[in-house]
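If you're matching positions, the sequence shown starts at 21 in our numbering and goes up one per residue.
Every residue, glycine too, gets a C-beta built ideally from N, C-alpha and C.
Taking it in order: structure first as structure tokens, then the write-up.
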Amino acid sequence: MWKNSLNLIANVLLFILIIITLLGGCSELLFNIVSISRTGVIILDVLSLLFLMMIMFRKKLYIIYKRNISAKINIIFAISLFIIGIWQLYLVLTISGFSKWDPGNIILQAMGKKQWAGEEYFSYYPNTYFLMLLEHMIWYLIGKPNIETLTIVLNILNYLLIDGGIYTLYRVSKKYINLVVAKTAALLSIIFIGVSPWGCLTYSDPLAFSLSIFSISLLLSLRFSTTNRKYMYSALIGFLMVIDYLIKPSLVILFIAAIIVTLPLLKKLIKSDRLSIIIIAMAVMASYGCYLAYRNNNSFVTFDSSKSFSMTHFADMGIKNNGGYSQEDTVRDMQILDPKERQRADIQDWVTEFNRKGLTGYQVFLIKKQILNTSDASFAWGNDGEPFIRPYCKSNFAKLSRKLFIPKYNSALKAINDILWIITLIFMLFSLCAKDWITLLLKYVVLGFALFLLLFEGGRSRYLIQFLPYVFLLSGIGFYKLQKILDERIKLV
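The structure is reproduced here in structure tokens:
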């Protein structure tokens, strides 16, 4: 009964959110098609013709595949991976550059250089502090190189984490769901992140993508483990929860969702897996305690917790304008030194803005914000900072990457991404038919992230990157369900 109620609530809310995103995605597609150059139109025409021919001659193509290709699939797969790796290296060498916004502040401070926001920046935004420490450690370990070399090294590590994450996503979804879901989720991950330029941005978004995969992998491993390995998984989950929280606090939504969907079995789990729960709690306390001890006692960057912006600050920004970053609110809160007074000011400002909008006005605002949060298939590449990224490579070697991604996505490429994103969302709708525990967990994770972005700072689809793995898994489940429905219809005919 409880499980059915949870599933119904998730389905209703997700259906509304997906439909809004679909409408926004279609609008994005139309806008990008109108903006396409003549060359872009030709490319789209050729791709459309190829797609049409594949549908028309699908039976013949399947026969050719079985006779000539299926036996060599491993070789083709290996060649494909090699090409993807070369492409990623090309992107790193040609797009890696300096970003005059948060990534720029972080990397300069990591190298011990002055940056325009000052050391207090890390006190105001504590989630950037841990990332800066990681970059500082890497900079120190590789011999304190210049900023160009450090950026390239960090971006190579970015892609290695992304690739490792995609492989983990494939393995875990194959093991705990099925092969169709595994292939679909991995393919979507490669298309939208693996071959995209997002790995060339040294910031929390691409890192959060990989962390989400590692988190769901460990959680499912613990959930279905029947051996003593579950204690190892418990310790790793506790450690990873802290890493997730320090990189992007919203990543812990996965663990909150797991508690929600496990509520009917919570008493039983506490009795049977009490030791696992204790190990998780101890790992969290030990990991976070070590971090706090270093943060509060190091001489590299002083940290003043009284200056940290609370969640009310981000909620206040999240209800204004397009729901994104507000320079006005940031400056105002920086000038209020007392944390309690700052929080009161944020709450009062939020209430004033809500009253100004009214209930219906706020609902309209949330619809618009949901579109901004989720409809851009480039994930708002190029929309932050002035410039978003200034590549170090100036030679003709970078001509292709500049044409495709600098300063923003090429309109034709973005239109292709929009089409694929719309298809992903359509598949995702069919996942609402599934009721198993894993699907229910994924539904609540996606729902939790969507609500988080609606209530707090959002306004652009860059924040969507952190929970894309869950979207891709649901899309894979939906594709599998659609296949089953079509197979049943064919049998009836």
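Could you tell me the alpha carbon to alpha carbon distance between residue i and residue j, rounded to whole angstroms?
i, j, result
"residue 323", "residue 308", "16 Å"
"residue 500", "residue 200", "6 Å"
"residue 249", "residue 294", "15 Å"
"residue 111", "residue 214", "11 Å"
"residue 181", "residue 470", "24 Å"
"residue 143", "residue 328", "5 Å"
"residue 300", "residue 205", "28 Å"
"residue 105", "residue 184", "12 Å"
"residue 241", "residue 388", "38 Å"
"residue 195", "residue 189", "10 Å"
"residue 149", "residue 229", "19 Å"
"residue 302", "residue 364", "34 Å"
"residue 83", "residue 193", "29 Å"
"residue 423", "residue 226", "22 Å"
"residue 209", "residue 286", "33 Å"
"residue 487", "residue 458", "15 Å"
"residue 50", "residue 69", "19 Å"
"residue 232", "residue 178", "14 Å"
"residue 77", "residue 71", "10 Å"
"residue 480", "residue 310", "34 Å"
"residue 147", "residue 379", "32 Å"
"residue 460", "residue 166", "47 Å"
"residue 40", "residue 442", "11 Å"
"residue 93", "residue 103", "15 Å"
"residue 91", "residue 80", "17 Å"
Evaluate residue i with the Cβ neighbour count: other Cβ atoms within 10 Å of its Cβ, from every protein chain shown; 16 or more gives buried, anything less gives exposed.
i, result
"residue 477", "buried"
"residue 491", "buried"
"residue 138", "exposed"
"residue 22", "exposed"
"residue 317", "exposed"
"residue 466", "buried"
"residue 497", "buried"
"residue 73", "exposed"
"residue 58", "exposed"
"residue 337", "buried"
"residue 29", "exposed"
"residue 420", "exposed"
"residue 312", "exposed"
"residue 372", "exposed"
"residue 87", "exposed"
"residue 136", "exposed"
"residue 484", "buried"
"residue 509", "exposed"
Ordered along the chain, which non-local residues of its own chain (more than five positions away) have a Cβ less than 7 Å from that of residue i?
i, result
"residue 151", "126, 224 and 267"
"residue 411", "114, 115, 116, 117, 418 and 426"
"residue 261", "272, 275 and 304"
"residue 382", "374"
"residue 186", "206, 209, 210 and 214"
"residue 493", "193, 201, 205 and 462"
"residue 1", "Examination of residue 1 is not possible in this model, given that the chain is present from 21 through 513 alone."
"residue 362", "353 and 356"
"residue 176", "112"
Taking Cβ to Cβ, would you say residue i is nearer than 9 Å to residue j?
i, j, result
"residue 256", "residue 274", "no"
"residue 468", "residue 392", "no"
"residue 505", "residue 447", "no"
"residue 474", "residue 357", "no"
"residue 335", "residue 370", "yes"
"residue 60", "residue 495", "no"
"residue 401", "residue 428", "yes"
"residue 43", "residue 281", "no"
"residue 404", "residue 47", "no"
"residue 288", "residue 24", "no"
"residue 408", "residue 121", "yes"
"residue 399", "residue 212", "yes"
"residue 219", "residue 108", "yes"
"residue 438", "residue 45", "yes"
"residue 290", "residue 297", "yes"
If we cut at 9 Å on Cβ distances, does residue i have a partner in chain D?
i, result
"residue 252", "Within the model displayed, chain D is absent; a lone protein chain is all it includes."
In the DSSP assignment, what are the bridge partners of residue i?
i, result
"residue 117", "411"
Taking 8 Å as the limit between beta carbons, can you name the residues of its chain near residue i, skipping five residues before and five after?
i, result
"residue 31", "452 and 463"
"residue 38", "445, 448 and 449"
"residue 134", "128"
"residue 170", "127, 130, 131, 155, 158, 159 and 162"
"residue 56", "64, 431, 432 and 435"
Can you list, in chain order, the residues of its chain with a C-beta nearer than 6 Å to that of residue i? Leave out the 5 residues immediately preceding and following it.
i, result
"residue 100", "none"
"residue 367", "332"
"residue 156", "130"
"residue 315", "323"
"residue 217", "111, 115 and 425"
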